[in-house]
Amino acid sequence: MNIIEIKDLSFSYQDEVDALSNVTLSVKKGEWVSVLGHNGSGKSTLSKLIIGLLKADSGEIKVDGVILNEESVHDIRRKIGIVFQNPDNQFVGVTVEDDIAFGMENLCFEQSDIVDKIKEYAEKVSMSEYLKKEPHALSGGQKQRVAIAGILAMKTDIIIFDEATSMLDPKGRESIMNYIKEINKAGVTVITITHDMKEAVLSDRIIILKEGRVIACGDTNDILNDKETLNSSNLELLLPLKLQYLLDEANLSNDKVKDILWQLSLNK
Amino acid sequence: MKNIIIGQYLPGTSFLYKMDPRSKIIALMILMISTFILKDVTHILIMLGVVLLILKIGGIPIVRIARGLKPIMILLLFTFTFQIIFIKTGNLIFDTELTLTVFTLPLMIFIILFWYLTRRYIKFKFLYLLITAFGILTMLSLYTPGSVLSSSTLEVYGDGLSGAFFIMVRLIIIVTLSTILTLTTKPTDLNLGLEKILKPLSIIRINAEEIAMIISIALRYIPTLLDEANKIMLAQASRGVDFTEGKFKDKVMQIISLLVPMFIISFKRSDDLANAMEARSFVPGKRRTRLHTLSWHNLDTTVIVFCIFIFISAITVRVMF
Chain A
12 MNIIEIKDLS FSYQDEVDAL SNVTLSVKKG EWVSVLGHNG SGKSTLSKLI IGLLKADSGE
72 IKVDGVILNE ESVHDIRRKI GIVFQNPDNQ FVGVTVEDDI AFGMENLCFE QSDIVDKIKE
132 YAEKVSMSEY LKKEPHALSG GQKQRVAIAG ILAMKTDIII FDEATSMLDP KGRESIMNYI
192 KEINKAGVTV ITITHDMKEA VLSDRIIILK EGRVIACGDT NDILNDKETL NSSNLELLLP
252 LKLQYLLDEA NLSNDKVKDI LWQLSLNK
Chain B
817 MKNIIIGQYL PGTSFLYKMD PRSKIIALMI LMISTFILKD VTHILIMLGV VLLILKIGGI
877 PIVRIARGLK PIMILLLFTF TFQIIFIKTG NLIFDTELTL TVFTLPLMIF IILFWYLTRR
937 YIKFKFLYLL ITAFGILTML SLYTPGSVLS SSTLEVYGDG LSGAFFIMVR LIIIVTLSTI
997 LTLTTKPTDL NLGLEKILKP LSIIRINAEE IAMIISIALR YIPTLLDEAN KIMLAQASRG
1057 VDFTEGKFKD KVMQIISLLV PMFIISFKRS DDLANAMEAR SFVPGKRRTR LHTLSWHNLD
1117 TTVIVFCIFI FISAITVRVM F
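As given, the protein sequences belong to chains A and B, one line each in that order. If you count by this note's numbering, then the first sequence holds residues 12 to 279, one letter each, in order. If you count by this note's numbering, then the second sequence holds residues 817 to 1137, one letter each, in order.
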């Protein structure tokens, strides 16, 4: 069952070239989809359109069977949570607990319920000791974990990670990726928006955007085998992938393999 | 920049900390009004005694209050001087002839210049100013060689002196009271208290919740923006901008080079933040539940009753005497 269906979606910022043109895609319930694309490919624009922060020029977005429009936008936002790129710019509360509570306060949860949920979800992202801390005492990874807890507490069906790891150090990135895996396992539909193929290969399905168009869409394995599309997408390919392609091309003599490995390790 | 403390909250456990921020704000207002009602030196001194008693029971060190009074020192001095010079009723306490001669005029200018140049090296700047001013006055009244340029009399009257004293005490009480509030209440609690008190203003279409939200976000972003400003200053300094030295004109240019990127960053941030808030179902003006709620205890009622008692006494005293 498709939880998100997008048909012929186009969008352009004021008198610029189309950020998105005729995008059609769908996301199944419970799956983990990566939207992969270069800077300026329109992937963040797509996430803002889905959650109704931007208004599409044409096309249609359906979330859980409901068409996104001015009346339904608030209901749809209850179903979708989004973790943004900059950990600092999405921290609304004065302290960690305030920030986790923010979404629940907006949804008018009971106060006692909010208190319980803060404990529960802070535990889930291992931030229990930091509940009274202020954001400037936290690392980027910790702030992103707080953002995740805040959204988990709102019990949304879908969570979009809009380059949520791109401003973090490798350690923070790894922990966030682990939480994403866990969240997806628990049955939440996850959409990760990224330019990093290393993150994208973890998901079930990959959608590749280039200059506002979907150039590929399919199961992760199929996409990885589609050499031509990947090469044309301007994305930085993973080392094993590069190796595989080069080995495919070459006649597999031992010397040749050595030569290829040598060149790759020199990053040529 | 990891340990910026906004406001001047001083951790403690006395009754002032146990009170609801709403009752503290209301009590502050009642006491302030009572202070303004009083018109007599003895009564205002009793009021000062009450305030000192609150400080004593509340366990707030006088040093912190003195620090709060520092910024209004100049104002205090100004009102004091103003009162002494211009009130000419009551009995004459003290008078002296101030004479400006061809010798003392340049001498006076020299002293002022000396004060201006050396004051940055003196630790007790305010005391230094007082001593200098007193020195000039003494010189003008005692030392009168050469031909006289102008002269006037300085007269200090009883009413002037008591009036000056009265206004000074009143200002000190007002500032002390508000300092007590900010010392014992966290900015977030203060904000929440204000929000609840201002709630009736929704009748005239002022949304207290929105104002409180704006204040709380401002509080939350002050450290972040200071951090940002620090980074920009370092970046500029690494390219040769010197923020500490230079002429006034240069300094203005340097401030502009800091302000422009700060503005751009703030707008970018606020745009992102607005998106993040909306994405988390925030709708301005819509009803929200709150994590933090306030609870009114017997202590709050007691304090308010006490303050009302002071208020009534102040009115009685004003009417009777």
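C-beta: ideal position from N, C-alpha, C; glycine also.
query, result
"So if DSSP puts residue 964/B in a beta bridge, which residue, or which two residues, is it bridged to?", "917/B"
"Could you give the uninterrupted runs of the beta strand (DSSP E) lying entirely in the segment 866-944 of chain B, keeping only those of 3 residues or more?", "908-917"
"Taking a contact to mean a Cβ-Cβ separation below 8 Å, would you say residue 223/A touches residue 179/A in this structure?", "no"
"How would you write the range of the beta strand (DSSP E) that residue 197/A sits in, first residue to last?", "Here residue 197/A belongs to no beta strand (DSSP E), and DSSP marks it neither H nor E."
"List the residues of chain B whose Cβ lies closer than 8 Å to the Cβ of residue 87/A, in chain order.", "Those within 8 Å of residue 87/A in chain B number zero; the least Cβ separation is about 10 Å."
"For residue 69/A, report the span of its beta strand (DSSP E) as first-last.", "69-74"
"I want to see whether chain A comes within less than 8 Å of residue 1105/B, judged by CB atoms only; does it?", "yes"
"With 8 Å set as the bound, which would you pick, yes or no: does the beta-carbon of residue 197/A sit closer than that to a beta-carbon of chain B?", "no"
"Report the residue ranges of all beta strand (DSSP E) runs contained in full by the segment 163-247 of chain A; include only those spanning at least 3 residues, in chain order.", "169-173, 200-205, 216-221 and 224-230"
"Which same chain residues end up closer than 6 Å to residue 141/A when comparing Cβ atoms and leaving out the 5 residues on each side of it in sequence?", "107"
"Residue 214/A and residue 43/A look like a contact to me (Cβ under 8 Å); what is the Cβ gap, rounded to whole Å?", "4 Å"
"Between residue 847/B and the rest of its own chain, which residues show a CB-CB distance below 7 Å, the 5 nearest in sequence each way excluded?", "993, 1123 and 1126"
"Taking any Cβ of chain B, which residues in the segment 139-164 of chain A have a Cβ under 9 Å from it, in chain order?", "145, 146, 147, 148, 158, 161 and 162"
"Could you please give the first and the last residue of the uninterrupted beta strand (DSSP E) stretch that includes residue 35/A?", "31-39"
"Below 8 Å, how does it come out for the segment 975-989 of chain B and the segment 846-864 of chain B: are there three or more Cβ pairs, yes or no?", "yes"
"Where does the unbroken alpha helix (DSSP H) through residue 1083/B begin, and where does it stop?", "1064-1095"
"Let me check understanding here. Comparing Cα to Cα, which of 143/A, 145/A and 190/A lies closest to residue 3/A?", "Beyond the ends of chain A as shown, which are 12 and 279, falls residue 3/A; an answer cannot be given."
"Relative to the alpha-carbon of residue 1102/B, which residue among 133/A, 119/A and 166/A has its alpha-carbon at the smallest distance?", "119/A"
"Should residue 1011/B be labelled buried (16 or more other beta-carbon atoms within 10 Å of its own) or exposed?", "buried"
"With a 10 Å radius around its C-beta and 16 neighbouring C-beta atoms as the bar for buried, classify residue 878/B as buried or exposed.", "exposed"
"Out of 117/A, 36/A, 18/A and 172/A, which has the shortest C-alpha to C-alpha gap to residue 97/A?", "172/A"
"Assess, as a yes-or-no matter, whether the segment 1065-1083 of chain B is touched by the segment 80-93 of chain A under the definition of 3 or more beta carbon pairs within less than 8 Å.", "no"
"Check the Cβ-Cβ distances between residue 839/B and every residue of chain A, and say whether any is below 8 Å.", "no"
"I'd like to know if residue 1039/B contacts chain A, where contact means its C-beta is closer than 8 Å to some C-beta of that chain.", "yes"
"Whose C-beta lies closer than 7 Å to the C-beta of residue 1057/B among residues of the same chain, with five residues either side of it excluded?", "1070 and 1073"
"Rounded to whole angstroms, how far is the Cβ of residue 239/A from the Cβ of residue 45/A, which I believe are closer than 8 Å?", "With 8 Å as the limit, residue 239/A and residue 45/A do not qualify as a contact, their Cβ atoms being about 19 Å apart."
"Determine whether the Cβ of residue 1001/B lies closer than 8 Å to any Cβ atom of chain A.", "no"
"What distance in whole Å lies between the Cβ atoms of residue 31/A and residue 21/A, which are believed to be in contact at a cut-off of 8 Å?", "6 Å"
"Which stretch, first to last residue, makes up the alpha helix (DSSP H) that contains residue 853/B?", "837-853"
"Taking Cβ to Cβ, would you say residue 1116/B is nearer than 8 Å to residue 889/B?", "no"
"What separation, rounded to the nearest whole angstrom, lies between the Cα atoms of residue 122/A and residue 68/A?", "40 Å"
"How would you list, in chain order, the residues of chain B whose beta-carbon sits under 8 Å from the beta-carbon of residue 64/A?", "1091, 1094 and 1095"
"Assuming residue 254/A contacts residue 208/A under a Cβ cut-off of 8 Å, what Cβ separation, rounded to an integer in Å, is found between them?", "14 Å between Cβ atoms; not a contact."
"Name the two residues that bound the continuous beta strand (DSSP E) containing residue 16/A.", "13-22"
"Taking the C-alpha atoms as reference points, what is the distance between residue 182/A and residue 136/A?", "15 Å"
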